[in-house]
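Each protein sequence line maps, in turn, to chains X and U. Using the working numbering, read the first sequence as starting at 134 and increasing by one per residue. Using the working numbering, read the second sequence as starting at 134 and increasing by one per residue. Data block below; observations after.
2 protein chains.
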Amino acid sequence: MPRHPEVSRVVSEMPVGVFSKLAHRISAIEGERYPLHVGDSWMEPMAGARMEDITIADHPRLHTYTSPLGLPELVDTIAARRGVDSDRVLVSAGATGGLGAVASTLLNPGDEVLLLCPFWPLIRGIINLHHGRAVEVDFYDKVQLASDVAAVLDAHRSERTVALYINSPNNPTGRVLPAPIVEAVAEYCRRHDLWIWSDEVYEDYCYLGEVTPIAQLAPERTFAAFSFSKAYAMAGNRCGYVVGPDKASMTMLRRASTHQFFCAPQASQLGALRVLRDGDGWLAEAKTRYQAAGDSAADVLGLPRPAGGTFLFMDVGPHLDERGLHGFLVDCIDRGLILAPGSSCGASYATFVRVCFTSAPPDVVARGVCVLAALTGR
Amino acid sequence: MPRHPEVSRVVSEMPVGVFSKLAHRISAIEGERYPLHVGDSWMEPMAGARMEDITIADHPRLHTYTSPLGLPELVDTIAARRGVDSDRVLVSAGATGGLGAVASTLLNPGDEVLLLCPFWPLIRGIINLHHGRAVEVDFYDKVQLASDVAAVLDAHRSERTVALYINSPNNPTGRVLPAPIVEAVAEYCRRHDLWIWSDEVYEDYCYLGEVTPIAQLAPERTFAAFSFSKAYAMAGNRCGYVVGPDKASMTMLRRASTHQFFCAPQASQLGALRVLRDGDGWLAEAKTRYQAAGDSAADVLGLPRPAGGTFLFMDVGPHLDERGLHGFLVDCIDRGLILAPGSSCGASYATFVRVCFTSAPPDVVARGVCVLAALTGR
Chain X
134 MPRHPEVSRV VSEMPVGVFS KLAHRISAIE GERYPLHVGD SWMEPMAGAR MEDITIADHP
194 RLHTYTSPLG LPELVDTIAA RRGVDSDRVL VSAGATGGLG AVASTLLNPG DEVLLLCPFW
254 PLIRGIINLH HGRAVEVDFY DKVQLASDVA AVLDAHRSER TVALYINSPN NPTGRVLPAP
314 IVEAVAEYCR RHDLWIWSDE VYEDYCYLGE VTPIAQLAPE RTFAAFSFSK AYAMAGNRCG
374 YVVGPDKASM TMLRRASTHQ FFCAPQASQL GALRVLRDGD GWLAEAKTRY QAAGDSAADV
434 LGLPRPAGGT FLFMDVGPHL DERGLHGFLV DCIDRGLILA PGSSCGASYA TFVRVCFTSA
494 PPDVVARGVC VLAALTGR
Chain U
134 MPRHPEVSRV VSEMPVGVFS KLAHRISAIE GERYPLHVGD SWMEPMAGAR MEDITIADHP
194 RLHTYTSPLG LPELVDTIAA RRGVDSDRVL VSAGATGGLG AVASTLLNPG DEVLLLCPFW
254 PLIRGIINLH HGRAVEVDFY DKVQLASDVA AVLDAHRSER TVALYINSPN NPTGRVLPAP
314 IVEAVAEYCR RHDLWIWSDE VYEDYCYLGE VTPIAQLAPE RTFAAFSFSK AYAMAGNRCG
374 YVVGPDKASM TMLRRASTHQ FFCAPQASQL GALRVLRDGD GWLAEAKTRY QAAGDSAADV
434 LGLPRPAGGT FLFMDVGPHL DERGLHGFLV DCIDRGLILA PGSSCGASYA TFVRVCFTSA
494 PPDVVARGVC VLAALTGR
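Structure follows, in structure tokens:
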């Protein structure tokens, strides 16, 4: 079975990215551009934690590898903040790299993961890439009662189910799951011996209610992924971390991560250390600004204000013509507005768009949101 | 088949890293330490391309994501230098991330890769992690004649073989494969429809002879991985790139890489751009220094001088006692010297050690090499 020019099944079967199809239109935008499709921040990171602040005078050999676990000082600082032992922390190449390592550590080919929907667009591909099967469970926009959780999950669990992916505050809905629902999910996973992948990259951006970290309810089975990208506007630094159940499971995780990204960039780790130490003020300011931008956008669009995260998720179904969502996205792009399609967040969301309200300065977001409001008749 | 607390087969079956077993001894080293086990550089990167030189004044929003393909300006600069179209370049999270994406793009579970030995220690695990099977072919220390290549490879090829991994200049032997052998490998892969993974991270460090890039002989089937880590002493930046056959195959590669590391760190990409533009002088100086260190070490150890790369590979079999290589490594550590075990470079090399002659300043390397010389009776 020689291979060239064929590639692997999982990669050849991945859907073509929607932006590949729209790239030429996006590059043809004239006038102001509203790039609200990517989850990113318009703010520069805290002064003192920028790349230009990380010097070889302070940190000789900062351009060399670190331990695959991360700089010991960063690992210890994270552990202290989390209240866990240092041997439960692994610094990763962003939360993306961390969750990829978790997928690799936990999945055999054909294993299934219950994917609470709508979801962060990359997670489905991460599962598929590691030969797992992502089983979509419409959840954040559907489940209101803790007493419904087991039945909803049961409808999708099979004998191949090995894990569940949860993300609260949620990308894209902005929902912060209430404690009773998180407890019901944890209890369900315990009862059925499932691993939990908890994506907590928006933990610092909760505007209404309170985040209930599932790791605290089921620490023995949870790999929780965190990121400096979202919290501190350092997505380009590619640095995050994973907190896992115990030393033994982290040894397994390190085997995967070492062969995927080896270590996170050292300068990024040093920047992360600085924001963990001195970044509270910056974070509070960012949170105030993000919330204001999110609230304004929601008000203009007639949506509930976001409880957390950096996105709004809007059903534009009533405003689609025979061209479907693709046509709607094209109409947006022709007016400078770039949005992410809901289909990238789950099969049930083919009429939705995702709007990031932090990826451009508030006035730019506001003007982009006006484009969307006009196209949806508001 | 619920999973917790079991992990995936490929990860659970990975061998325990030798340094995990030696970690407590290494941390107990008193006095001078000779860390010659990691492939890294003691030199600081070129002034002007260090993290502290990458400012938000010059590059606003440098802490945000880039395109998964890399910064367009860097992609174009790489393409121009390589003499290929820009759509054949993908900037990766180091060569490690790039080769991981290649493995993911090309391997179905159970596929086999001919792994020319001895090899860079991470590549075997990268293949295994993607559910491939690494088939070791003793090569760099064995094959001298191009006419032998086909028979050597035939002895290990099966109906599941889909690719071949080649690395010249070679880590760990320092061998630079002569053109006729590279040509024979390319011809063999063409005849049997194999993909070629060419690891060219040491291309700039060839001291004797000349590097023959296999991509030039079989561009239609070669993914070549490059790195700024080795060339420009930026391993901690986690930035490299892959040059592939054509736009279609790069689209496939991007699907994998997007879900593995999303993009390389932006500041690292900006640093890479600077060394590509202005780094020739730095590179020439590094090459002179590295070669001098390698030649000195080889002379002291009674080995042939390295033709390329940053390592010496030495059979210490005659000097092992009943404790085997582990005991030898312990004896080294007790004298401050840390070496990599040959077993991590292939099953046939259980009595070898790998010595990096660039991971510490030349005087430190020289003293470390003296420890090894003493232990081997020189």
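Where is the CB? At the ideal position from N, CA and C, for every residue including glycine. In this text, all values refer to a predicted model and were calculated from it rather than measured experimentally.
- Shown in chain order are the members of the segment 318 to 341 of chain X whose Cβ falls below 7 Å from a Cβ of chain U: His325, Asp326, Leu327 and Trp328.
- Contact check for U:Tyr198 against X:Ala228 fails: the beta carbons are separated by 7 Å or more.
- Contact of X:Pro495 with chain U by beta-carbon distance below 7 Å is absent, the smallest such distance being about 16 Å.
- When beta bridges are read from the DSSP output, U:Cys250 appears opposite U:Asp271.
- Counting along the chain, no beta strand (DSSP E) covers X:Gly172, and no H or E run does either.
- Interface criterion met: the Cβ of U:Val140 is under 7 Å from a Cβ in chain X.
- According to the DSSP assignment, X:Ala440 belongs to no beta strand (DSSP E), since it is labelled neither H nor E.
- U:Val217 and U:Trp328 have their alpha carbons spaced roughly 19 Å apart.
- Under the Cβ criterion of 7 Å, X:Asn241 is counted among the residues facing chain U.
- Just so you know, the alpha carbons of X:Ala317 and X:Pro311 end up roughly 10 Å apart.
- Below the 7 Å Cβ cutoff, chain X contributes no neighbours of U:Val449, its closest Cβ being approximately 25 Å away.
- In the DSSP secondary-structure assignment, X:Cys339 is bridged to X:Gly441.
- Taking a beta-carbon distance threshold of 7 Å, X:Asn370 counts as an interface residue toward chain U.
- The C-alpha of U:Lys275 lies about 52 Å from the C-alpha of X:Gly172.
- Proximity of chain X to U:Val171 at the Cβ level (cut-off 7 Å) is accounted for by Tyr198, in chain order.
- Burial is judged here by how many other beta carbons sit within 10 angstroms of a residue's own beta carbon; U:Glu245 has at least 16 and is buried.
- With the rule of 3 Cβ pairs closer than 8 Å, the segment 406 to 416 of chain X does not count as touching the segment 260 to 267 of chain X.
- For X:Val149, the secondary structure class from DSSP, reduced to helix, strand or coil, is coil.
- The C-beta separation of U:Tyr340 from U:Lys363 comes to about 14 Å, leaving the pair out of contact by the 8 Å criterion.
- When X:Asp209, X:Tyr321, X:Leu297 and X:Arg308 are compared, the shortest CA-CA separation from X:Asp281 is found for X:Tyr321.
- Listed along the chain, the chain X residues whose CB falls inside 8 Å of the CB of U:Met147 are Arg388.
- Straight through space, the alpha carbons of U:Ile162 and X:Leu240 are spaced by roughly 39 Å.
- Assigned with DSSP and collapsed to three states, X:Asn261 falls in helix.
- Put simply, the segment 246 to 261 of chain U does not touch the segment 392 to 406 of chain U. Fewer than three CB pairs are less than 8 Å apart.
- Per the C-alpha coordinates, the member of X:Ser382, X:Val143, X:Asp413 and X:Val375 positioned closest to X:Cys396 is X:Val375.
- Rounded to the nearest angstrom, the gap between the Cα atoms of X:Ala440 and X:Thr306 is 9 Å.
- Within chain U, the residues placing a beta-carbon under 7 Å from that of X:Leu195 are Met184 and Gly369, ordered along the chain.
- For X:Glu177, the closest Cβ of chain U is nearer than 7 Å.
- With respect to the 7 Å criterion, U:Val295 and U:Pro302 are not classified as neighbours on the basis of their beta carbons.
- Residues of the segment 390 to 404 of chain X that bring their beta carbon within less than 8 Å of a beta carbon in chain U comprise Thr391, His392, Gln393, Phe394, Phe395, Cys396, Ala397, Pro398, Gln399, Ala400 and Ser401, in sequence order.
- The DSSP-derived three-state label of U:Gly469 is coil.
- Contact with chain U is found for X:Ile189, since one of that chain's Cβ atoms lies less than 7 Å from the residue's Cβ.
- As a beta-bridge residue in DSSP terms, U:Cys489 pairs with U:Phe444.
- The three-state reading of DSSP puts U:Val375 in strand, counting E and B together.
- The C-beta distance from X:Gly373 to X:Arg221 rounds to 15 Å, too long to fall under 8 Å, and the pair is not in contact.
- Neighbours of X:Arg266 in chain U, taken as residues at a C-beta separation under 9 Å, are lacking, since the least C-beta distance is about 13 Å.
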